[in-house]
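Written out below as structure tokens is the structure these notes cover.
In my numbering, the protein residues as written are 2 to 96.
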């Protein structure tokens, strides 16, 4: 929910969240198929996963993906702080 105008968050936000999660999962599955020991992929951090993907030519650059991750986390933290400040803890279901 967009607390500044009292409306649900835009479909653009939902599209971004869906796309971001999908690409992360697709990259992870692909790397599990091509690395010598697929069990290691499960223990990689997001940064490690993106760096390996870039080294293998699956994404052109790591930096934009790290920035997307930062923006995503920042937006969620901002929403939580707004809800807590406004006493709206009961509406935190969409985080």
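We put the beta carbon where it would ideally sit given N, CA and C, even for glycine.
A quick note: this is a predicted structure, and the numbers were derived from the prediction, not measured.
Q: Pull up the CB-CB distance for residue 46 and residue 28, whole angstroms please, since I reckon it's below 8 angstroms.
A: Not confirmed; about 13 angstroms, so no contact.
(Q) Do residue 67 and residue 48 have their beta-carbon atoms positioned less than 8 angstroms apart in this structure? (A) yes
Q) Who are the Cβ neighbours of residue 63 in its own chain at under 7 angstroms, not counting the five residues just before and after it? A) 51, 52 and 55
Q | residue 59 - DSSP class collapsed to helix/strand/coil | A | coil
Q. At what residue ranges does the stretch 10-67 contain a whole run of the alpha helix (DSSP H), taking only runs of 4 or more?
A. 12-35 and 47-56
Q: Would you decide whether residue 42 is buried or exposed? Buried here means 16 or more other CB atoms lie within 10 Å of its CB.
A: buried
Q: Decide if residue 34 is buried, meaning its Cβ has at least 16 other Cβ atoms within 10 Å, or exposed.
A: exposed
(Q) Is there a C-beta anywhere in chain C that falls below 8 angstroms from the one on residue 74? (A) Among the chains in the structure shown there is no chain C, since it carries only a single protein chain.
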